[in-house]
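*Asks:* Before we start, here is the structure in question, set down as structure tokens.
4 protein chains.
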Amino acid sequence: MIVVLKPDITKKQFDYIINRVKKLGLKPHISKGTERTIIGLIGPEDVLRITPLEVFPGVEKVMPVLAPYKLVSREFQTKNTVVKLSQKLKIGDKKIAVIAGPCAIENYDILYEIAKKIKEAGATILRGGAFKPRTSPYSFQGLGEEGLKYLKQVGESLNMSTVTEVMDTRDVGLVSRYSDMLQIGARNMQNFNLLKEVGQTKKPILLKRGLSSTIKELLMSAEYILSSGNFNVILCERGIRTFEDATRNTLDISAVPIIKKLSHLPVIVDPSHASGKWELISPLSKAAVAVGCDGLLIEVHTKPEEAFSDGNQSLIPNRFKELIKELKPIAKATKREI
Amino acid sequence: MIVVLKPDITKKQFDYIINRVKKLGLKPHISKGTERTIIGLIGPEDVLRITPLEVFPGVEKVMPVLAPYKLVSREFQTKNTVVKLSQKLKIGDKKIAVIAGPCAIENYDILYEIAKKIKEAGATILRGGAFKPRTSPYSFQGLGEEGLKYLKQVGESLNMSTVTEVMDTRDVGLVSRYSDMLQIGARNMQNFNLLKEVGQTKKPILLKRGLSSTIKELLMSAEYILSSGNFNVILCERGIRTFEDATRNTLDISAVPIIKKLSHLPVIVDPSHASGKWELISPLSKAAVAVGCDGLLIEVHTKPEEAFSDGNQSLIPNRFKELIKELKPIAKATKREI
Amino acid sequence: MIVVLKPDITKKQFDYIINRVKKLGLKPHISKGTERTIIGLIGPEDVLRITPLEVFPGVEKVMPVLAPYKLVSREFQTKNTVVKLSQKLKIGDKKIAVIAGPCAIENYDILYEIAKKIKEAGATILRGGAFKPRTSPYSFQGLGEEGLKYLKQVGESLNMSTVTEVMDTRDVGLVSRYSDMLQIGARNMQNFNLLKEVGQTKKPILLKRGLSSTIKELLMSAEYILSSGNFNVILCERGIRTFEDATRNTLDISAVPIIKKLSHLPVIVDPSHASGKWELISPLSKAAVAVGCDGLLIEVHTKPEEAFSDGNQSLIPNRFKELIKELKPIAKATKREI
Amino acid sequence: MIVVLKPDITKKQFDYIINRVKKLGLKPHISKGTERTIIGLIGPEDVLRITPLEVFPGVEKVMPVLAPYKLVSREFQTKNTVVKLSQKLKIGDKKIAVIAGPCAIENYDILYEIAKKIKEAGATILRGGAFKPRTSPYSFQGLGEEGLKYLKQVGESLNMSTVTEVMDTRDVGLVSRYSDMLQIGARNMQNFNLLKEVGQTKKPILLKRGLSSTIKELLMSAEYILSSGNFNVILCERGIRTFEDATRNTLDISAVPIIKKLSHLPVIVDPSHASGKWELISPLSKAAVAVGCDGLLIEVHTKPEEAFSDGNQSLIPNRFKELIKELKPIAKATKREI
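If you read the sequences in order, they're chains A, B, C and D. Using this note's numbering, the first residue of the first sequence is number 10, and each one after it goes up by one. Using this note's numbering, the first residue of the second sequence is number 10, and each one after it goes up by one. Using this note's numbering, the first residue of the third sequence is number 10, and each one after it goes up by one. Using this note's numbering, the first residue of the fourth sequence is number 10, and each one after it goes up by one.
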């Protein structure tokens, strides 16, 4: 922690600061420059975080030196985390995971039909929403437990792993009984009680980046889950909110290599929500594989024009199949498989 | 709803769209221009929202005509909503409400001391967090129910109304027993289950705008509460996330007159979170009153340098007192009182 | 300048850095913490800025201590700059300057009529564009020198000072002959050659903040003008680009007190461009005066519906007159005049 | 153009609007819905753009139907534009162009050394700045004409095409004599006079997207050049300004397929400026090729730690060589060459 002092700091203010930080168990290193004096504080960062040093008279600004997260960092664990969904299915190793399915679960038959086709195309994990976070209270809110049942039945009958969103702390137990992986949606990335709750399960957690969350905040939210005891966390870049309105959100493709550098957790990309346009799913998926992602999350629907939600950003199964084929040489070029 | 067709749309695609919208009970008005044909769709907008017309082959884009919210709109209710906190205390009428207090409740004595001083200065509602949404799992998370008890005791002994944040659907009952008003924090603005839950109480709800939520999304979140049966909603502008890093967030002062135009709900401003700097609280509060806000939410602490949270953005009681005095002529100039 | 080293830096890398900074004439202060070593560099910051220390193997990040601007800073000059436009007319003292007029100069008569009415209402400086920066090459681009002549004639006949935009280094001499003050538009805030060129005149310069420029960058652009020899600079906050689309831009009202703290230069506010909506000009002008601005820049047009440009964000003279009246008590409440 | 009327519009207001648009030569199509009446206006869009219909009493909002650009659009020209730099060298065809070199030209020897190595690695176009747009007036501003001479000499001796930035309308002739292609930097994307000036040359123009410019605005700026007579325009995505601070800017990778859909012009990607970090150049270049770009613009320096500018975001020649090798299979996978 670096404390930059104001040029007009008084002797009394200076002494007060030095005494205060010493009492907190910190060791101050003082460097007097021609225009500013700075104090380097050495000691437990946890102590520093709780003390608002900027409030002290005579202080101009305070600059942290260490990252605020620990368990999720590469320094804590240099080896890549590989999350196991089943005996054979892992996220974070050489093989890029393909998660696909409809935005919302509408009924058993449609879900089964979609699942069958995406499995043939190469997807291994089935997604589908039973609880839907919708901007409008008047939009379809999901089938709830009925949808979870369909997801489990279809997953079992086709031997696919499953993932679905949980939005409420009260539903974590329920959703855990039906789904292999729990998704925390972008709008809940900083729903800290929900993070703690899923942190107490042993389920793999798919944590989506908030629309306007920095990478650092995403890692801090993951830290909530890891510090609650659950290390099975997969991060997901799904587009951030910017001024550009040609796409629904702006896919922050740089987030993938940045996160891989800062953290040991796997990172996947969701081109459907990032763009909001089905025409962009194919080029953005290629970019995601080329940049080094560990997985893709793609919305697929047999009849996008009749989907209850997000039809605009869903691929039809044929295009999805073609896409997976086109991704193979790119994966190979980056020493991965798909 | 306006549907703009592609210039190269086929007769078959065109007929399909027309048939489809007619089946949905909508009446299409066709306008053929030199470069584009557009279809104006008239009928129940709810039907339109569920149908992803952009997916149809031949459609270039779809533009909504009506706002997606209803109950919160000025069209639904032209008269300003005035929310009653007690027999005497209202938000939304001539008198500008002053809500103040510490970020987090630390213990009874500090809370009492702060409350006493802000009451003397002119505040009528006491704020204080018992459940704190913190970016880091290692930061102080609040005293929980113990903090709620202190809030209620201090409020009653000083005859002040109270407000505190609720973060978890499971805590809505608990917090309702202790506090006069429930706050939904910025990070939970789109925690839709929480919105529905507080919508089922009769308590006044202070709904803070999300860091990267548009005004339209804020109104949609309020719509969740109103459509659940609770019309006692107060909106709060507290700064949005932008590229500017000289302040913690960017206070969107224009949001106040925009919301007053679109909606009948009261709007207050939180200059503490908007700026993250105590030096800005005074000028921003003046701007907020001048622009026409219905209330202010200000963090005050007797010893900001020892506060458990947000010390940097808290005023000391003397400065707070002076501020309220300086706001009086500005309120008067805009035909309000404070 | 603070250099934070990587935890795994080698002895050789460390020695290389120390030797290198010493050769540059800098004095390193080394602080070894438990997790990181940091080096505080003391010496001429100019040297440091040119040396990309982050490239050095073993360096994790580099954090500047000093602001990158000098002449514009409060530390360089503690007293407020007051810019003189004429013997009687100043910007930056107790009296808040009111600059008004049409977006574009259309012809002599319309300009004269508008100018006469705004003068009666209380404006002292006439604005009007002769060279217009338009997003589209097909929009009206301004009357050029003809417009400048009208501006000068109207200004002289009504005894008002004038301001107009200059967009091209080749036009600085021309525009200087006709106008009392030169405006650098938002899109040219980082047109560095233009900044240097106007820096070589003695004319007052109205420098508008770029749509996505930080306050620091605005001050750096002003530094270009001051360091070229011209200290007569007035800064203008006119809204920044954010995700919010209810307004054309987001007025960053906090910029006013922030700039007043960091710099001695006067700051004015342009509510017309900030909002893009005439209904917001009045509330935003009140907020601007309350927050402490030194002037207002307001678009006024007698027939907004026939204006060649920006009709949507122009006030009619009657509303403008009423606004100035309403601003008087707010100015008084903040110990200013208008 | 669609005009949405207010629900409380009067008969008089309605008639006024209808008469007015008819006088402008437009044909109104009226659709009366249950909650709103809308008017579809058919006729020359140019007329509509100049008339601020939103100002009319009774109008709620106005929504454009057509894109504001013409010459740059896919509708105007369906075939991809291929820009010729020399008999053999083209941008926009099957072969992906590799433009590389130092940020700033420092002297002949360094430039020659860098150019020789990047040519060996596969680059065909040499970049280097002689006029540098720097945020600070105290940073290195470029060698000016001397630098242009070095660029031309090195280009000729190694048989490479060249590109360099022009910042001032007065320098367009000078730079054109020395360089094969002219670059308009991000900060000058809306320097409309400069756009017109380069539009009057026949030189290929590399137009970089502004830090906070929408894709639509980038296309409008290109429209300035094309409408001045020069169709040899190459667009460049180089990162946009967002709230994320882990990278210098956020590479908007989606811009590539979006622009390819809307326009016939070639699009290249600059991963150096987009990220500001040399470690990201390699993954982002792979993503750019995978997503379908027509070229890459990469900063390379033999001694980044001694570069006068942007050392942090430059690759050393060996890494650059390796990168080009790694890009080959990805280019092949997307049916391109590099």
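We put the beta carbon where it would ideally sit given N, CA and C, even for glycine.
Can the beta-carbon of residue 173 of chain B be found less than 8 Å from the beta-carbon of residue 178 of chain A?
*Replies:* Working through the second sequence from its first residue, we reach residue 173 of chain B at position 164. Working through the first sequence from its first residue, we reach residue 178 of chain A at position 169. Contact: no.
*Asks:* Counting beta carbon pairs with one atom in the segment 102 to 116 of chain D and one in the segment 303 to 317 of chain D, are three or more of them shorter than 8 Å?
*Replies:* Yes: the two stretches touch, three or more of their Cβ pairs being nearer than 8 Å.
*Asks:* Nearest by alpha-carbon distance to residue 13 of chain A: which of A:65, A:229, A:200, A:299 is it?
*Replies:* Counted from its first residue, the first sequence places residue 13 of chain A at position 4. When each option's Cα is compared against that of residue 13 of chain A, the closest is A:65.
*Asks:* Is residue 186 of chain C buried or exposed, if buried means 16 or more other CB atoms sit within 10 Å of its CB?
*Replies:* Reading the third sequence from its first residue, position 177 is the one you call residue 186 of chain C. By the neighbour-count rule (16 or more Cβ atoms within 10 Å), residue 186 of chain C is not buried but exposed.
*Asks:* What beta strand (DSSP E) runs, 3 residues minimum, are completely inside the segment 183 to 229 of chain B?
*Replies:* Taking only runs of at least 3 residues, the beta strand (DSSP E) segments lying wholly in the segment 183 to 229 of chain B are 190 to 193, 214 to 217.
*Asks:* What are the residues in the segment 213 to 229 of chain A lying within 7 Å of chain B by C-beta distance?
*Replies:* Residues passing the 7 Å Cβ filter: 220, 221, 226, 229.
*Asks:* Could you compute how far the alpha carbon of residue 318 of chain D sits from the alpha carbon of residue 150 of chain D?
*Replies:* Residue mapping note: residue 318 of chain D aligns to position 309 of the fourth sequence, counting from 1. Residue mapping note: residue 150 of chain D aligns to position 141 of the fourth sequence, counting from 1. Each residue's Cα considered, the two are about 10 Å apart.
*Asks:* Considering only the beta carbon of each residue, do residue 164 of chain B and residue 139 of chain B sit closer than 8 Å?
*Replies:* For the purposes of this step, residue 164 of chain B is identified with residue 155 of the second sequence, where counting begins at 1. For the purposes of this step, residue 139 of chain B is identified with residue 130 of the second sequence, where counting begins at 1. Their beta carbons are not under 8 Å apart, which means residue 164 of chain B does not touch residue 139 of chain B by this criterion.
*Asks:* With H, G and I counted as helix, E and B as strand and the rest as coil, what does DSSP make of residue 138 of chain C?
*Replies:* Indexing the third sequence from 1 puts residue 138 of chain C at position 129. Residue 138 of chain C falls in the strand class under three-state DSSP.
*Asks:* May I ask which residues mark the beginning and end of the beta strand (DSSP E) holding residue 13 of chain B?
*Replies:* Counting from one through the second sequence, the residue named residue 13 of chain B turns up at place 4. Per DSSP, residue 13 of chain B belongs to the beta strand (DSSP E) from 11 to 14.
*Asks:* Would you report the Cα separation of residue 212 of chain B and residue 220 of chain C, rounded to the nearest angstrom?
*Replies:* By one-based count along the second sequence, residue 212 of chain B stands at place 203. By one-based count along the third sequence, residue 220 of chain C stands at place 211. When rounded, the distance between both Cα atoms is 41 Å.
*Asks:* Going by beta-carbon coordinates alone, are residue 301 of chain A and residue 292 of chain D separated by less than 8 Å?
*Replies:* By 1-based counting over the first sequence, the position of residue 301 of chain A is 292. By 1-based counting over the fourth sequence, the position of residue 292 of chain D is 283. In contact: residue 301 of chain A and residue 292 of chain D (Cβ atoms closer than 8 Å).
*Asks:* What does DSSP give as the partner residue(s) for residue 174 of chain A in the beta ladder?
*Replies:* Position 165 of the first sequence holds residue 174 of chain A. BP columns for residue 174 of chain A point to A:192.
*Asks:* Can you pull the DSSP bridge partners for residue 49 of chain C?
*Replies:* For the purposes of this step, residue 49 of chain C is identified with residue 40 of the third sequence, where counting begins at 1. According to DSSP, which records beta bridges pairwise, residue 49 of chain C is partnered with C:11, C:38.
*Asks:* Roughly how many angstroms separate the alpha carbons of residue 182 of chain D and residue 201 of chain D, rounded to a whole number?
*Replies:* Translated into positions along the fourth sequence, residue 182 of chain D becomes position 173. Translated into positions along the fourth sequence, residue 201 of chain D becomes position 192. Going by the C-alpha atoms only, they are around 17 Å apart.
*Asks:* Got a sec: is the Cβ-Cβ distance from residue 252 of chain A to anything in chain D below 8 Å?
*Replies:* Counting from one through the first sequence, the residue named residue 252 of chain A turns up at place 243. It does; some Cβ of chain D falls within 8 Å.
*Asks:* Could you tell me whether any Cβ in chain C is nearer than 8 Å to the Cβ of residue 3 of chain D?
*Replies:* This structure cannot speak to residue 3 of chain D, because chain D is shown only from 10 to 347.
*Asks:* Would residue 168 of chain A be called buried (16 or more neighbouring beta carbons within 10 Å of its own) or exposed?
*Replies:* Taking the first residue of the first sequence as 1, we reach residue 168 of chain A at position 159. Looking at its Cβ environment, which holds fewer than 16 other Cβ atoms inside 10 Å, residue 168 of chain A is exposed.
*Asks:* To the nearest angstrom, report how far apart residue 190 of chain A and residue 347 of chain A are at their CA atoms.
*Replies:* The sequence position of residue 190 of chain A within the first sequence is 181, counting from 1. The sequence position of residue 347 of chain A within the first sequence is 338, counting from 1. Computed Cα separation, rounded: 20 Å.
*Asks:* Is it buried or exposed for residue 331 of chain A, if we count other Cβ within 10 angstroms and need 16 for buried?
*Replies:* Taking the first residue of the first sequence as 1, we reach residue 331 of chain A at position 322. Result: exposed.
*Asks:* Can you confirm whether residue 130 of chain B, when its beta carbon is compared against all beta carbons of chain C, has any partner nearer than 8 Å?
*Replies:* Numbered from its first residue, the second sequence carries residue 130 of chain B at position 121. Closer than 8 Å: no.
*Asks:* Can you pull the chain B residues whose beta carbon is under 8 Å from the beta carbon of residue 232 of chain D, in chain order?
*Replies:* For this step, residue 232 of chain D is matched to residue 223 along the fourth sequence. Neighbours of residue 232 of chain D on chain B: none; closest Cβ ~17 Å, over 8 Å.
*Asks:* Where do the ends of the alpha helix (DSSP H) carrying residue 107 of chain C lie?
*Replies:* Mapped onto the third sequence, residue 107 of chain C falls at position 98. Counting along the chain, residue 107 of chain C falls outside any alpha helix (DSSP H), though it belongs to the beta strand (DSSP E) covering 106 to 110.
*Asks:* Does residue 348 of chain D have its Cβ less than 8 Å from a Cβ in chain B?
*Replies:* The structure shown does not extend to residue 348 of chain D, since chain D spans only 10 to 347, so no value can be given for it.
*Asks:* Should residue 116 of chain A go down as buried or exposed, given a rule of 16 or more other Cβ atoms within 10 Å for buried?
*Replies:* Residue 116 of chain A sits at position 107 when you count from the first residue of the first sequence. Residue 116 of chain A is exposed by the Cβ-count criterion.
*Asks:* What span of residues does the alpha helix (DSSP H) with residue 71 of chain B cover, start to end?
*Replies:* Against the second sequence, residue 71 of chain B aligns to sequence position 62. Residue 71 of chain B -> not in any alpha helix (DSSP H); beta strand (DSSP E) instead, spanning 68 to 72.
*Asks:* Under 8 Å, CB to CB, which of the residues in the segment 289 to 301 of chain B have a partner in chain C?
*Replies:* Listed by position, the residues of the segment 289 to 301 of chain B near chain C (Cβ gap below 8 Å) are 289, 292, 293, 295, 296, 297, 298, 299, 300, 301.
*Asks:* Name, please, each residue of chain C whose Cβ falls closer than 7 Å to the Cβ of residue 16 of chain D.
*Replies:* Position 7 of the fourth sequence holds residue 16 of chain D. Within 7 Å Cβ-Cβ: nothing; residue 16 of chain D doesn't reach chain C, min ~17 Å.
*Asks:* Out of curiosity, what's the CA-to-CA distance linking residue 230 of chain A and residue 196 of chain A?
*Replies:* In the first sequence, the residue the question calls residue 230 of chain A occupies position 221. In the first sequence, the residue the question calls residue 196 of chain A occupies position 187. Approximately 12 Å, taken between the alpha carbons.
*Asks:* In whole angstroms, what is the alpha-carbon distance linking residue 225 of chain D and residue 259 of chain A?
*Replies:* Against the fourth sequence, residue 225 of chain D aligns to sequence position 216. Against the first sequence, residue 259 of chain A aligns to sequence position 250. Roughly 15 Å separates the two Cα atoms.
*Asks:* Consider the Cβ of residue 203 of chain D: report whether some Cβ of chain A lies at a distance smaller than 8 Å.
*Replies:* As a first step, residue 203 of chain D is located in the fourth sequence; it is residue number 194 there, counting from the start. Chain A, which has no Cβ nearer than 8 Å to the Cβ of residue 203 of chain D, makes this no.
*Asks:* Pick out whichever of A:275, A:333, A:339 has its Cα sitting closest to the Cα of residue 86 of chain A.
*Replies:* Here residue 86 of chain A corresponds to residue number 77 of the first sequence, with the count starting at 1. Ranking the options by Cα distance to residue 86 of chain A, first place goes to A:275.
*Asks:* Please report the straight-line C-alpha distance between residue 127 of chain C and residue 166 of chain C, rounded to a whole angstrom.
*Replies:* Counted from its first residue, the third sequence places residue 127 of chain C at position 118. Counted from its first residue, the third sequence places residue 166 of chain C at position 157. When rounded, the distance between both Cα atoms is 14 Å.
*Asks:* Kindly indicate if chain B contains any beta-carbon less than 8 Å away from that of residue 176 of chain A.
*Replies:* Working through the first sequence from its first residue, we reach residue 176 of chain A at position 167. Chain B contact via Cβ: present.
*Asks:* Within 10 Å of its beta-carbon, does residue 93 of chain B have 16 or more other beta-carbons around it, so buried, or fewer, so exposed?
*Replies:* Sequence index remark: in the second sequence, residue 93 of chain B carries index 84 (1-based). The residue is exposed, with fewer than 16 neighbouring Cβ atoms inside 10 Å.
*Asks:* Starting from the Cα of residue 134 of chain A, find the closest Cα among A:208, A:99, A:210 and give me that residue.
*Replies:* Here residue 134 of chain A is taken as the residue at index 125 of the first sequence, counted from 1. It is A:99.
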